[in-house]
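A short worksheet on the structure shown next.
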């Protein structure tokens, strides 16, 4: 079974989003082994230097990636997938013998360019921009949906 | 100022989503006059006839549309817009002299075909499919984002 590591920056602040994220996480765990790694965002550097912030966060993210994992960066310029496409992506990873898959979501400042470039794949959830906390919820709901599609369950709504 | 009517089927059941929807609704109301009309979903007809359900719901939705309003159906086959595109859509509606804009989201069974076809525009939030309740949250967050873009505020995350 594919082991999924979801890496994001800082804990989710909005309580209602934490509830939704927890709900879809527990649903997703019926299908996949999922680990969430919340790496510490950059607290000390001045907000005026986003590049430095992203470098700091990228170092923490790299440490959180399991050894040998295939990596997917969630990024607005990534490939757009529909829900069956995401299901197929998971199945294709398994078929290729991928054991660990790490999906990386950036913080409020985004994601480091090198991290994006060096990821094995780049996905976009929508042409629309979401808050980085809402992107977590949407990603989890989509992963759960993808798993139900793979399992042939009639979950569509 | 544009008056926005958001029409959807049945109340939002998930409490955490109700919280998020309420939050973005109050934020959005800083910029637009917004009315939410939750029309009653079809309770009596057998679940096995989705076409009948959608006809029943479409009748209720049509009654909820303000007289003379421009209508937008949210539908997976609609036009995909990015966030600045949605901002532009609101501004274009105002420029055209649109006073009332009604945005219609379907229920668990979707939206009636005629209702989709006869709408003035059809939008898709993402190539990915969302639950109909999550689509409400995403739509509200996107409308709020569009309003901040129009106002020149630095809200991006």
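Residue numbers (the working numbering), protein chains in the order written: chain A, 1076 to 1232; chain B, 1076 to 1232.
Using N, Cα and C, we set each Cβ at its ideal position, and we do this for glycine too.
Since this is a predicted model, take the numbers as computed values, not measurements.
| query | result |
| --- | --- |
| With a cut-off of 8 Å, does the C-beta of residue 1141 of chain B fall near any C-beta of chain A? | no |
| Using the C-alpha atoms, what's the distance from residue 1203 of chain A back to residue 1157 of chain B? | 4 Å |
| Look at the alpha carbon of residue 1186 of chain A and the alpha carbon of residue 1138 of chain B, and state the distance between them as a whole number of angstroms. | 46 Å |
| Note the first and the last residue of the continuous alpha helix (DSSP H) segment covering residue 1100 of chain A. | 1090–1103 |
| Nearest chain A C-beta to residue 1101 of chain B closer than 8 Å, yes or no? | no |
| With residue 1179 of chain B as the anchor, note down where its beta strand (DSSP E) starts and where it stops. | 1175–1179 |
| From the DSSP secondary-structure annotation, give me the bridge partner or partners of residue 1154 of chain B. | B/1198 |
| Going by beta-carbon coordinates alone, are residue 1098 of chain A and residue 1109 of chain A separated by less than 8 Å? | no |
| Can you list, in chain order, the residues of its chain whose CB lies under 7 Å from that of residue 1183 of chain A, leaving out five sequence neighbours each side? | 1207 |
| Just checking my contact of residue 1175 of chain B with residue 1143 of chain B at CB under 8 Å: how many whole Å lie between their CB atoms? | 6 Å |
| Quick check on DSSP: helix, strand or coil for residue 1227 of chain B? | coil |
| Between the Cα of residue 1105 of chain A and those of A/1171, A/1079, A/1151, spot the shortest distance and give me the residue it belongs to. | A/1079 |
| Do you know how far the Cα of residue 1221 of chain A is from the Cα of residue 1172 of chain A? | 19 Å |
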